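So the sequence lines, in the order shown, correspond to chains C and Y.
Going by our numbering, the first residue of the first sequence is number 156, and it counts up by one from there.
Going by our numbering, the first residue of the second sequence is number 17, and it counts up by one from there.
Using N, Cα and C, we set each Cβ at its ideal position, and we do this for glycine too.
Predicted model, so just to flag it, every value in this text is computed and none were measured.
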Amino acid sequence: MTVFWVLAPIMVVAALGLVFARRAVHAALGLAVVMISLAVLYAVQGAPFLFAVQIIVYTGAIMMLFLFVLMLVGVDSPDSLAETIRGQRLAAGVVGLVFAALAVLVIAQGVTGAVTGLDEANADGNVYGLAELLFGPYILAVEFTAALLITAVLGAMVLAHHERLTPKRSQADHAAQRMREYAETGRHPGNAPTPGVFAQHNAVDTPAILPDGSALHESVPPSLVERGQVREARAADVDDVARQLESDEGGDEK
Amino acid sequence: MTEYLTLSLILFSIGAVGVLVRRNAIVVFMCIELMLNATNLAFVSFSRQHGNLDGQVAAFFVMVVAAAEVVVGLAIIVSIYRTRRTTSVDEASLLKS
Numbered sequence: 156m157t158v159f160w161v162l163a164p165i166m167v168v169a170a171l172g173l174v175f176a177r178r179a180v181h182a183a184l185g186l187a188v189v190m191i192s193l194a195v196l197y198a199v200q201g202a203p204f205l206f207a208v209q210i211i212v213y214t215g216a217i218m219m220l221f222l223f224v225l226m227l228v229g230v231d232s233p234d235s236l237a238e239t240i241r242g243q244r245l246a247a248g249v250v251g252l253v254f255a256a257l258a259v260l261v262i263a264q265g266v267t268g269a270v271t272g273l274d275e276a277n278a279d280g281n282v283y284g285l286a287e288l289l290f291g292p293y294i295l296a297v298e299f300t301a302a303l304l305i306t307a308v309l310g311a312m313v314l315a316h317h318e319r320l321t322p323k324r325s326q327a328d329h330a331a332q333r334m335r336e337y338a339e340t341g342r343h344p345g346n347a348p349t350p351g352v353f354a355q356h357n358a359v360d361t362p363a364i365l366p367d368g369s370a371l372h373e374s375v376p377p378s379l380v381e382r383g384q385v386r387e388a389r390a391a392d393v394d395d396v397a398r399q400l401e402s403d404e405g406g407d408e409k
Numbered sequence: 017m018t019e020y021l022t023l024s025l026i027l028f029s030i031g032a033v034g035v036l037v038r039r040n041a042i043v044v045f046m047c048i049e050l051m052l053n054a055t056n057l058a059f060v061s062f063s064r065q066h067g068n069l070d071g072q073v074a075a076f077f078v079m080v081v082a083a084a085e086v087v088v089g090l091a092i093i094v095s096i097y098r099t100r101r102t103t104s105v106d107e108a109s110l111l112k113s
């Protein structure tokens, strides 16, 4: 029982985090905590097979799938807080509370009698007992499960399949386009200069500086520009460094 | 026994509220998983109460169905994201006149 009273508050807090977390990744973390705690509760309640399956299937496979999809569709898209239906949030909270209270009352009334325990059922081992049931009375359900899993795999493949609408551009096409742009707009056809070749900052978030002292913004990687992490290059930086060098030399002479 | 069921019901209710409140389709999906997990806890608890393993078999089947459901659901979310560039459940309203 100690295990239960230690894990139950953790699980409820993690589940509430799932509802209240702004970022989807934090919600996924809360769900993972709930799932692992549930696995421990299964082990405590005489279900060692479900303990292993919960860890392997839920926290191993399903959570990984969630995280993969989160990374595919962009991690940094916080939920919008605007309500589509006015008062929906409040109503949902009230309905949830009422439902929880009602269900707890009813179930608590309904469960009577002593706990039988699984010592007898698990006499030959939990896995053996489950196998007896799965491949005995539940064999038809197991067969249907196989059909369901194959259908799900096919469905996922069909849904996630991406039909290419435009022909793939080859290296020759890219080269031809560069030369065409050079002819039409005068854009340099060669490599963009590397970023950070600059007197004071040599990190990739600093644009390269041109001979006339202006910054070349094309030299910074586009992903940094999109995230707004570009450091502004100041032409005066060169003068600062020159002044610093001069003063250092003056110090050495003394 | 009652404590386990109470915990299961609390988790189920939190999951249900999450489905109603959240807008991000992936988080809504996670809340559905939370509800399925809560029912699994109830199944395992009842299995111990009655002293036979049928409840654990039921929980096992719930896990299998949940895995299949997640695969198809996430594929749908990804394909919606590809065409609409959003995972918000409010944006997927193409069938509305």
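Can you pull the chain Y neighbours of C/Y134, defined as C-beta to C-beta under 9 Å?
No answer is possible for residue 134 of chain C: the residues shown for chain C start at 156 and end at 409.
Looking at C/V167 and Y/M17, is the spacing between their C-beta atoms short of 8 Å?
For this step, residue 17 of chain Y is matched to residue 1 along the second sequence. For this step, residue 167 of chain C is matched to residue 12 along the first sequence. Using a Cβ distance threshold of 8 Å, Y/M17 and C/V167 do not count as a contacting pair.
For Y/V73, which option in C/V158, C/R241 and C/A276 has the closest C-alpha, if you only look at C-alpha atoms?
Position 57 of the second sequence, counting from 1, holds the residue named residue 73 of chain Y. Taking only the C-alpha atoms, the option nearest Y/V73 is C/A276.
Quick check: what's the CA-CA separation for C/L304 versus Y/A84?
Looking up residue 304 of chain C in the first sequence gives position 149. Looking up residue 84 of chain Y in the second sequence gives position 68. If you take the alpha carbons of C/L304 and Y/A84, they lie about 6 Å apart.
Could you compute how far the alpha carbon of C/V297 sits from the alpha carbon of C/R382?
On the first sequence, position 142 is the one that residue 297 of chain C refers to. On the first sequence, position 227 is the one that residue 382 of chain C refers to. Approximately 49 Å, taken between the alpha carbons.
Starting from C/F254, find everything on chain Y with Cβ-Cβ shorter than 8 Å and list it in chain order.
Residue numbering aside, residue 254 of chain C sits at position 99 when the first sequence is read from its first letter. Listed along chain Y, the residues sitting closer than 8 Å to C/F254 by beta-carbon distance are S29 and A32.
Please classify C/T349 as buried or exposed, where buried requires at least 16 neighbouring CB atoms within 10 angstroms.
Translated into the one-based positions of the first sequence, residue 349 of chain C becomes position 194. Per the 10 Å Cβ criterion, exposed.
At which residues does the alpha helix (DSSP H) containing C/P203 begin and terminate?
Residue mapping note: residue 203 of chain C aligns to position 48 of the first sequence, counting from 1. P203 to V208 is the span of the alpha helix (DSSP H), which, as asked, contains C/P203.
How close, in whole Å, do the beta carbons of C/L227 and C/S192 come, if the pair is a contact with beta carbons under 8 Å?
Position 72 of the first sequence, counted from the start, is the residue given in the question as residue 227 of chain C. Position 37 of the first sequence, counted from the start, is the residue given in the question as residue 192 of chain C. Wrong, their Cβ atoms sit about 28 Å apart, outside the cutoff.
Looking at chain Y, which residues of the region 166-184 of chain C have a Cβ within less than 7 Å of any of its Cβ atoms?
M166, V167, A170, L171, L173, V174, A179, A182 and A183
List, in order along the chain, the chain C residues whose C-beta lies closer than 9 Å to that of Y/A108?
By 1-based counting over the second sequence, the position of residue 108 of chain Y is 92. Under the 9 Å cutoff, chain C gives no residues; its nearest Cβ is about 12 Å from Y/A108.
Indicate the three-state DSSP secondary structure (helix, strand or coil) for Y/L69 in the structure shown.
Here residue 69 of chain Y corresponds to residue number 53 of the second sequence, with the count starting at 1. Three-state result, Y/L69: coil.
What did DSSP end up calling C/S402 once you bin it into helix, strand or coil?
Mapped onto the first sequence, residue 402 of chain C falls at position 247. DSSP places C/S402 in helix when its eight states are reduced to three.
Measuring alpha carbon to alpha carbon, tell me which residue in Y/L27, Y/N40, Y/V37 and Y/R98 is nearest Y/A58.
On the second sequence, residue 58 of chain Y is found 42 positions in, with the first residue counted as 1. Of the candidates Y/L27, Y/N40, Y/V37 and Y/R98, the one whose C-alpha sits nearest the C-alpha of Y/A58 is Y/L27.
C/M190 versus chain Y: which residues are under 7 Å apart at the beta carbon?
Taking the first sequence and counting its residues from 1, the one referred to as residue 190 of chain C is at position 35. Within 7 Å Cβ-Cβ: N53.
If I measure Cβ to Cβ from Y/G89 and keep anything under 7 Å in the same chain, skipping five residues before and after, which residues do I get?
As a first step, residue 89 of chain Y is located in the second sequence; it is residue number 73 there, counting from the start. So the list reads F45, once near-sequence residues are dropped.
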